[in-house]
């Protein structure tokens, strides 16, 4: 399983404008799973979002380049069912808190988000939205120009709701919450993309993402009818990520 690391400019779809130069990002991808390292060159702050066990060396390599930065947090958007998270180990190595939603079953979480809130940073508020649906403990995170969608909002789609803790009605309401919080120029960074890994502005998502335009009854009906094989490493992922 190979790991690919790309700059933000390499994953933005054609025609999208990158954010101000001080906001930098690397997308780390193995198979269809996307994780991110984001930082601000002016404030010397950085964070990691949804790190995967197989990609640990990639995160550490990026961290070496960011010597002297303050690591705001290692954030897991939810309890993953398709890969083993390395968030706890990475938090220890980078001396940063592991941040998850309050309903996460993991005993290794340092900061638990129990309501919509924002933590102050020099680069601007680090904002957390409670967005259950894909799982009970899903969160969506906004920092500066970046909107980290996890499995709540994907590129042109929404995450599946048929895995443990999934709730299509809750997911619909979470999408409405993200629509309310997001600004058109923000860059959506999805947790998965089966077309190679893409990012776009929120304005573009409002045009191309059918899930964001559906009525509640249509979204719930389609989400509840979804039928696909479970993730290959479902049992292992849940066993390890529940620790």
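Numbering (our numbering), first residue to last: -16 to 226.
Every residue, glycine too, gets a C-beta built ideally from N, C-alpha and C.
Since the model is a prediction, treat every value here as computed from it, not as a measurement.
Item: Inter-stretch contact at 8 Å, needing at least 3 Cβ pairs: the stretch 50 to 65 / the stretch 113 to 126; Value: yes
Item: Beta-carbon contacts of residue -1 that lie in its chain and below 6 Å, excluding the five residues immediately before and after; Value: 183, 184
Item: Bridge partners - residue 83, DSSP secondary structure assignment; Value: 95
Item: Burial state of residue 192, where buried means 16 or more other Cβ atoms lie within 10 Å; Value: buried
Item: Minimum Cβ-Cβ distance from residue 136 to chain D less than 8 Å; Value: The question asks about chain D, but that chain is absent: this structure has only one protein chain.
Item: Inter-stretch contact (C-beta, 8 Å, three-pair minimum) for the stretch 46 to 60 and the stretch 80 to 87; Value: yes
Item: Spatial neighbours of residue 203 in its chain, beta-carbon cut-off 7 Å, leaving aside the 5 residues before and after; Value: 151, 152, 155
Item: Cβ pair residue 214, residue 17 closer than 8 Å; Value: no
Item: Integer-rounded CB distance, given that residue -6 should sit under 8 Å from residue 180; Value: 6 Å
Item: Per-residue burial, residue 105 [other beta carbons within 10 Å of its own, 16 or more giving buried]; Value: exposed
Item: Backbone CA spacing between residue 209 and residue 176 [nearest angstrom]; Value: 17 Å
Item: Option nearest residue 224 by Cα separation, candidates 2, 11, 36, 28; Value: 36
Item: Closest by C-alpha distance to residue 14, when choosing among 67, -13, 30; Value: -13
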